[in-house]
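Peer 1: Chains as they are written, first to last, in my numbering: chain A, 12 to 351; chain B, 16 to 566. Think of the CB as a built atom: it goes at the ideal place given N, C-alpha and C, for glycine as much as any other residue. Questions regarding the structure given below will be posed in turn.
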């Protein structure tokens with residue numbers, strides 16, 4: 012099977028995945044007897060005409076399977092319904108919040124991937140030495156620390172006791188966002204040449220990106236270390252060394268490449284997971300991303316928003332898995348996409 | 016060697032933190048004022064709309080109050096006096112039906128257009144024509160106005176002829192729904208379409224108020240800057256900018272207040288101890304109009320005993336109000352005499368402003384015994400009333416104050432021989448239960464003001480469905496109470512209104528369909544560098560009046 016065929020086939024698999032996700036989320040959110048129309052219209056203060064309009068809009072008077080049909084029809088037309096919490100289309104909300112999460116995820120990965128891989132290599136190469144102990148401690152701490160605790164502590168130390176970093180947000184208080192081109196403030200600031208905004212957005216990324224990246228860093232570090240240790244014991248590594256190859260060449264050219272496969276797997280899945288919304292980090296650092304949006308939607312019983320979010324996350328996971336599979340083939344030529 | 020360096024760095028970090036704490040304790044001087052010309056407020060929840068014609072939530076009304084003006088307003092913490100705003104003075108006809116407002120001259124909208132009587136008529140008619148499709152808030156004006164009510168007499172005089180006399184009419188005018196928009200501006204941006212929201216106005220407000228919208232980043236912040244053409248002028252101390260930040264996490268808001276990023280912050284009752292006693296932070300409770308009640312379903316399908324007014328009266332004696340204030344509300348609440356909260360006109364018509372019921376289990380038992388509801392049902396060696404029927408206490412999941420009150424109440428009910436259970440459900444589920452079934456017995460609920468008139472509190476709670484009230488579907492109905500409520504509503508004579516509301520209360524309180532639990536305190540801790548702050552439960556946040564300085 013050719014690469015493009017593999018990609019198309021995997022993308023087509025998105026359709027049953029989305030249908031499955033919508034069936035589950037739609038059923039879960041509609042099966043409990045509830046009065047969403049009145050809730051959206053203002054609860055006890057809701058006016059009858061508004062309740063009636065919302066009931067009609069959401070087809071709440073129809074049987075559930077008819078409601079589902081309408082919902083599916085809307086999705087086909089890229090209409091994910093209306094967020095009653097935000098009083099605007101869910102698509103508009105996701106379009107605003109997804110880039111914020113993407114930016115945070117990219118920067119957290121920029122911290123996690125290089126540090127995790129380098130730390131893992133050092134740890135493996137210098138096994139049972141001081142640097143190995145230190146990196147292992149970092150990994151264990153990173154993996155065990157509750158992310159909300161780390162976030163709160165970082166805020167407390169660096170935004171309150173030693174106030175050198177901003178407490179929350181994507182930009183300084185009251186600062187105008189750059190013109191939205193990609194929605195990623197760093198990129199948009201560069202494109203529009205707005206250095207103040209660029210500096211502010213980078214400054215505001217430090218704490219949340221570190222918080223989010225720390226746990227992933229620990230994961231990558233542990234995975235790289237164990238893979239490297241396994242590979243370093245292989246015969247071909249010994250052969251390389253016997254041939255007189257430099258240690259650098261042995262490690263980076265022969266060992267690392269083979270050790271990267273599991274690391275790529277966890278990195279890809281972590282990337283997908285973070286893109287799905289880091290609820291705690293986004294909430295604590297007041298980062299207006301998908302995680303915070305989803306949390307608010309769930310707490311506010313904003314069913315359309317929850318379902319829209321779930322569909323997007325499903326798509327992200329499928330695409331992230333696809334990219335991981337493609338990367339396998341890039342890293343290891345023995346891997347053939349589609350098993351052909 | 017490397018481990019040593021690391022140890023030194025870690026030690027240095029901890030010492031820096033410790034020393035910074037010591038230094039802070041030793042410093043006597045006040046910290047430098049952050050953002051000295053900007054007022055920054057941290058809150059939860061985002062605005063839904065900036066169109067006053069469709070605004071029915073607190074978060075939206077806050078910026079609208081600063082961008083738009085109304086004909087009359089309130090000032091400071093005074094809730095009993097109407098002050099001129101876009102109207103300089105007004106008169107009312109003897110039959111209380113015709114109100115004539117003389118308008119302020121030389122007022123401009125922030126786009127430079129002149130403010131005239133045409134804008135007043137257009138604004139009020141717009142609300143009634145649009146019909147507030149998203150919020151339904153038009154009902155407030157619709158109580159006594161239609162599109163024929165407002166007449167332009169001349170450029171600076173407008174007359175409003177009510178469809179029926181309404182004692183609370185003037186109290187409607189300071190509310191956001193009666194804010195004045197620029198006719199030309201709206202017409203150029205979508206105009207008015209019956210039953211449809213104006214998407215442009217939702218995000219592009221423009222009025223005569225002291226501030227204009229700089230930007231609104233959803234779920235992040237609303238930033239307002241000075242309106243250079245503001246008729247009130249900019250002499251004296253006023254903030255250059257106002258930033259309303261939205262932060263969901265309480266810990267973040269607490270730190271923002273502590274480090275000075277925030278001038279004001281919403282801190283939940285349970286977290287107030289984190290900022291109380293802090294240097295440079297003021298924690299001061301005010302009487303809000305937010306009340307907490309227990310609705311009793313007089314037509315409960317599983318509990319016919321609740322239809323008996325004597326049982327409901329006994330339940331009112333079984334609630335430990337003072338302990339609830341101390342435990343559920345951390346002391347930040349007060350007793351509530353009846354439907355009308357303290358501070359609102361006609362509050363004293365309710366038992367002279369004193370709570371009618373106090374916690375008295377002996378009295379509760381006596382009432383139940385006298386009514387013939389003896390303890391004649393045995394369960395696990397304990398005797399219960401009502402043949403063992405369980406009284407269910409519903410509250411919305413996640414509401415910790417209501418949960419605490421439910422637990423307290425359940426214990427008291429057990430003491431007087433009433434079996435009970437506590438059930439937490441999601442808000443939409445509770446609404447379904449309350450409005451489409453009779454499968455609920457009691458429910459903890461809350462209420463906040465729409466406008467500053469007792470009609471907004473008495474009618475929804477004490478009025479019946481026969482007069483389109485009974486907002487919580489309790490099934491309560493007393494024809495005399497209904498008649499008195501309507502008499503108070505449709506009279507502009509304060510003496511008549513007071514007498515009517517007193518008569519309604521005196522009857523209702525003998526067979527109440529609500530237990531009037533508490534009146535919540537309003538607390539938004541602020542930095543002590545903020546000057547001229549005052550709280551008004553009707554209209555919050557007069558940002559124009561505040562400034563930052565040390566006295």
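Skipping 5 residues on each side, what residues in its chain have a beta carbon closer than 6 Å to that of residue 118 of chain A?
Peer 2: Here the question's residue 118 of chain A lines up with position 107 in the first chain. These residues qualify, in order along the chain: 216, 220.
Peer 1: Say whether chain B places a C-beta atom closer than 8 Å to the C-beta of residue 351 of chain A.
Peer 2: On the first chain, position 340 is the one that residue 351 of chain A refers to. For residue 351 of chain A, the pLDDT reaches just 48, beneath the cut-off of 50, and the residue's location in the model is therefore unreliable, although a value from the coordinates is still provided. So, not an interface residue.
Peer 1: Let me see if you follow: with CB-CB separation under 8 Å, is residue 233 of chain B close to chain A or not?
Peer 2: Residue 233 of chain B sits at position 218 when you count from the first residue of the second chain. Yes, residue 233 of chain B lies at the interface with chain A (some Cβ there is under 8 Å from its Cβ).
Peer 1: By Cβ distance below 8 Å, which residues in the same chain neighbour residue 344 of chain A in space, the five residues on each side in sequence not counted?
Peer 2: Stepping through the first chain from its first residue, residue 344 of chain A is reached at position 333. Cβ within range, chain order: n/a, list empty.
Peer 1: Closer than 8 Å, CB to CB, is residue 551 of chain B near chain A or not?
Peer 2: To locate residue 551 of chain B, count along the second chain from 1; it is residue 536. Not an interface residue.
Peer 1: If I measure Cβ to Cβ from residue 40 of chain B and keep anything under 7 Å in the same chain, skipping five residues before and after, which residues do I get?
Peer 2: Within the second chain, numbered from 1, the residue matching residue 40 of chain B stands at position 25. Note that residue 40 of chain B has pLDDT 48, beneath the 50 cutoff, so the model's placement of it is unreliable and no number is given.
Peer 1: Under 8 Å between C-beta atoms, does residue 287 of chain A make it to chain B?
Peer 2: In the first chain, residue 287 of chain A corresponds to position 276, counting from 1. Judged by the 8 Å Cβ criterion, residue 287 of chain A is not in contact with chain B.
Peer 1: Would you please verify whether the beta carbon of residue 313 of chain A is less than 8 Å from any beta carbon of chain B?
Peer 2: Mapped onto the first chain, residue 313 of chain A falls at position 302. By this cut-off, residue 313 of chain A is not an interface position.
Peer 1: Compute the Euclidean distance between the alpha carbons of residue 215 of chain B and residue 235 of chain A, then round it to the nearest angstrom.
Peer 2: Residue numbering aside, residue 215 of chain B sits at position 200 when the second chain is read from its first letter. Residue numbering aside, residue 235 of chain A sits at position 224 when the first chain is read from its first letter. Spanning the two alpha carbons is a distance of roughly 53 Å.
Peer 1: Got a sec: which bits of the region 254 to 276 of chain B sit with their beta carbon under 8 Å from any beta carbon on chain A, in order along the chain?
Peer 2: Against chain A - using a Cβ distance shorter than 8 Å - the residues of the region 254 to 276 of chain B are 256, 258, 260, 261, 262, 263, 264, 266, 267, 270, 271, 273, 274, 276.
Peer 1: Hey, is residue 10 of chain A's beta-carbon within less than 8 Å of any beta-carbon in chain B?
Peer 2: Because residue 10 of chain A is not part of the residues shown, which for chain A are 12 to 351, the question remains open.
Peer 1: Chain A partners of residue 486 of chain B, CB-CB under 7 Å?
Peer 2: By one-based count along the second chain, residue 486 of chain B stands at place 471. Correct list: 55.
Peer 1: Starting from residue 89 of chain A, follow the alpha helix (DSSP H) in both directions and report where the run begins and ends.
Peer 2: Position 78 of the first chain, counted from the first residue, corresponds to residue 89 of chain A. Taken as a continuous stretch (DSSP letters only), residue 89 of chain A belongs to no alpha helix (DSSP H), as it is neither H nor E.
Peer 1: Check for me: the alpha helix (DSSP H) holding residue 385 of chain B runs from which residue to which?
Peer 2: Along the second chain, read from residue 1 onward, the residue named residue 385 of chain B stands at position 370. That run of the alpha helix (DSSP H) goes 376 to 385.
Peer 1: What does the alpha-carbon distance come out to for the pair residue 41 of chain A and residue 61 of chain B?
Peer 2: Residue 41 of chain A sits at position 30 when you count from the first residue of the first chain. Residue 61 of chain B sits at position 46 when you count from the first residue of the second chain. The straight-line gap from Cα to Cα measures roughly 26 Å.
Peer 1: From which residue to which residue does the alpha helix (DSSP H) around residue 336 of chain B run?
Peer 2: Start at 1 with the first residue of the second chain, and residue 336 of chain B comes out as number 321. Element bounds for residue 336 of chain B: 336 to 342.
Peer 1: Just grab the DSSP bridge partners of residue 280 of chain B for me.
Peer 2: What you label residue 280 of chain B is simply residue 265 of the second chain in a count that begins at 1. Partner(s): B:57.
Peer 1: Between which two residues does the alpha helix (DSSP H) containing residue 290 of chain B stretch?
Peer 2: Here residue 290 of chain B refers to the residue found at position 275 when the second chain is read from its first residue. Neither: residue 290 of chain B is in no alpha helix (DSSP H) and is coded neither H nor E.
Peer 1: Taking only the alpha-carbon atoms, compute the straight-line gap between residue 311 of chain B and residue 104 of chain B and give it to the nearest angstrom.
Peer 2: Numbered from its first residue, the second chain carries residue 311 of chain B at position 296. Numbered from its first residue, the second chain carries residue 104 of chain B at position 89. Between residue 311 of chain B and residue 104 of chain B, the C-alpha separation is close to 44 Å.
Peer 1: Along the region 169 to 180 of chain A, what residues have a CB closer than 8 Å to any CB found in chain B?
Peer 2: From the region 169 to 180 of chain A, only 170, 171, 172, 173, 174, 178, 179, 180 have a Cβ closer than 8 Å to chain B.
Peer 1: Going by the CB atoms, is the gap between residue 227 of chain A and residue 120 of chain A shorter than 8 Å?
Peer 2: On the first chain, residue 120 of chain A is found 109 positions in, with the first residue counted as 1. On the first chain, residue 227 of chain A is found 216 positions in, with the first residue counted as 1. Contact flag set, yes.
Peer 1: Considering only DSSP beta bridges, list what residue 455 of chain B is partnered with.
Peer 2: Along the second chain, one-based indexing puts residue 455 of chain B at 440. None, per the DSSP bridge assignment.
Peer 1: Which of the three DSSP states, helix, strand or coil, is assigned to residue 535 of chain B?
Peer 2: Residue 535 of chain B sits at position 520 when you count from the first residue of the second chain. Residue 535 of chain B falls in the strand class under three-state DSSP.
Peer 1: Have a look at B:330, B:170, B:307, B:278 and flag the residue whose alpha-carbon is nearest the alpha-carbon of residue 388 of chain B.
Peer 2: In the second chain, the residue the question calls residue 388 of chain B occupies position 373. Selected option, being the one with the closest Cα: B:330.
Peer 1: Buried or exposed for residue 535 of chain B, going by 16 or more other Cβ atoms inside 10 Å?
Peer 2: Taking the second chain and counting its residues from 1, one reaches residue 535 of chain B at position 520. Its Cβ being crowded by 16 or more others within 10 Å, residue 535 of chain B is buried.
Peer 1: Which first and last residues belong to the alpha helix (DSSP H) in which residue 215 of chain B is found?
Peer 2: By 1-based counting over the second chain, the position of residue 215 of chain B is 200. Residues 214 to 218.
Peer 1: On the three-pair Cβ rule with 8 Å, is the region 263 to 279 of chain B touching the region 308 to 328 of chain B?
Peer 2: No contact exists between the region 263 to 279 of chain B and the region 308 to 328 of chain B.
Peer 1: Measure the C-alpha to C-alpha separation of residue 138 of chain A and residue 328 of chain A and round it to an integer number of angstroms.
Peer 2: For the purposes of this step, residue 138 of chain A is taken as residue 127 along the first chain, with counting starting at 1. For the purposes of this step, residue 328 of chain A is taken as residue 317 along the first chain, with counting starting at 1. Residue 138 of chain A and residue 328 of chain A: Cα-Cα distance of roughly 35 Å.
Peer 1: Take residue 326 of chain A and list the residues in its own chain whose beta-carbon comes closer than 6 Å to its own, dropping the five residues that flank it on each side.
Peer 2: Residue mapping note: residue 326 of chain A aligns to position 315 of the first chain, counting from 1. Excluding residues within five positions, none has a Cβ falling inside 6 Å.
Peer 1: Of the residues that make up the region 313 to 344 of chain B, which ones have a beta carbon closer than 8 Å to any beta carbon in chain A?
Peer 2: Answer in chain order: no residues at all.
Peer 1: Between residue 300 of chain A and the rest of its own chain, which residues show a CB-CB distance below 7 Å, the 5 nearest in sequence each way excluded?
Peer 2: Position 289 of the first chain, counted from the first residue, corresponds to residue 300 of chain A. Counting only Cβ-Cβ distances below 7 Å, and skipping sequence neighbours, we find 108, 111, 112, 115, 288, 293.
Peer 1: Please confirm if residue 63 of chain B has its CB atom under 8 Å from at least one CB of chain A.
Peer 2: Taking the first residue of the second chain as position 1, residue 63 of chain B is located at position 48. With 8 Å as the cut-off, residue 63 of chain B counts as an interface residue toward chain A.
Peer 1: Along the chain, where does the alpha helix (DSSP H) containing residue 249 of chain B start, and where does it finish?
Peer 2: Position 234 of the second chain, counted from the start, is the residue given in the question as residue 249 of chain B. Unbroken run through residue 249 of chain B: none, as it is neither H nor E.
Peer 1: Looking at the unbroken beta strand (DSSP E) that takes in residue 400 of chain B, where does it start and where does it end?
Peer 2: As a position in the second chain, residue 400 of chain B is number 385, starting the count at 1. Unbroken run through residue 400 of chain B: none, as it is neither H nor E.
Peer 1: Are residue 265 of chain B and residue 282 of chain B closer than 8 Å when you measure CB to CB?
Peer 2: Numbered from its first residue, the second chain carries residue 265 of chain B at position 250. Numbered from its first residue, the second chain carries residue 282 of chain B at position 267. Yes, these two residues count as a Cβ contact at 8 Å.
Peer 1: What residues from chain A crowd round residue 148 of chain B, counting only those whose CB sits closer than 9 Å?
Peer 2: Along the second chain, one-based indexing puts residue 148 of chain B at 133. Chain A residues near residue 148 of chain B: 60, 61, 64.
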